[in-house]
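> Quick note: the sequence shown uses the numbering used here, first residue 6, plus one each step. Here's a structure for you.
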Amino acid sequence: MTKLLLIGTEDVHLSVLRLLQRKRINNVEIILIGEKKNNTDFSTVCKNANVTFIEDTIISFDPLQKMLLSFSGEIYRFDVISFNVDMKVSLFKQALVPVDAQGLMMVEDTLQNTEFPFLFGAGHCVTIAGQPNSAGDIEIQAEVLWQNIKLYLAGRPLKRLESQNNKSSFINKWIKHLYKK
């Protein structure tokens, strides 16, 4: 069985959990590791999504060995991993994952890291190549992240996250087209 770790309990991963409540994925064990938030009942949300929730903090990350070390001393192994954290971005630099000047993990517009294809990231802990405002829409990132993790597991090409500029230019083209008539 494939093991997928979701690291961090920020908004994108919470949206992924909501997507998982609607449609589960077979033959993949999904574990969410992070801190509980005051306003969210993680045990219920995770149970409804068929996801195991572990309250812990990751202190070390080794992408070559595909393992994490947590504050509790637990070692977690994985096949695919996604980060959506609000702090501890120093993990990426320590793990020799490509980062920007602020230490945020660099990902493509597929939310996948190019150096480690099993590594995904979203939210405020990443910089998305070619997109000046990387944070973007949380729900859109969650949808693309979840679709791309499933596509990666199936060995299929990934979807691209459209930048706001691309959406604006698309809308502008249609407006111009409508007014030409």
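Where a beta carbon is used, it is the ideal one built from N, C-alpha and C, also for glycine.
Kindly indicate which residue of L150, G128, W151 and T115 has the alpha-carbon position closest to the one of G135.
T115
> Do you know offhand how far G13's Cα is from L37's?
C-alpha separation (whole angstroms): 7 Å.
> Distance, Cα to Cα, I35 vs V94?
22 Å
> Looking at the secondary structure, which residues open and close the alpha helix (DSSP H) in which D16 lies?
D16 to R27
> Does the contact criterion of 3 or more C-beta pairs under 8 Å hold for the stretch 22-34 versus the stretch 44-54?
Taking a contact to require three or more Cβ pairs closer than 8 Å, the stretch 22-34 and the stretch 44-54 qualify as touching.
> Under DSSP, the beta strand (DSSP E) around L10 begins and ends at which residues?
Following the DSSP letters along the chain, one finds L10 inside the beta strand (DSSP E) bounded by residues T7 to I12.
> With I145 as the anchor, note down where its beta strand (DSSP E) starts and where it stops.
I145 -> not in any beta strand (DSSP E); alpha helix (DSSP H) instead, spanning I143 to A159.
> Can you check whether the CB of I145 is closer than 8 Å to the CB of L190?
Because the chain is modelled from 6 through 186, residue 190 falls outside the range shown and cannot be assessed.
> Determine, using beta-carbon pairs with one atom in the stretch 102-111 and one in the stretch 52-65, whether at least three such pairs fall under 8 Å.
No, they do not touch.
> So, with DSSP's three-state summary, where would you put F83?
coil
> In chain order, what residues of the same chain have a beta carbon less than 7 Å from the beta carbon of T132, not counting five sequence neighbours either side?
D105, L109, M111 and S139
> V112 by DSSP, collapsed to three states: which one?
strand
> Just to check my reading of the structure: I188 and D16 have Cβ atoms closer than 8 Å, yes? What is that Cβ distance to the nearest angstrom?
The structure shown has nothing for residue 188, since the chain only spans 6 to 186.
> Given that a residue counts as buried once 16 or more other Cβ atoms are within 10 Å of its Cβ, and exposed if not, what is S77?
exposed
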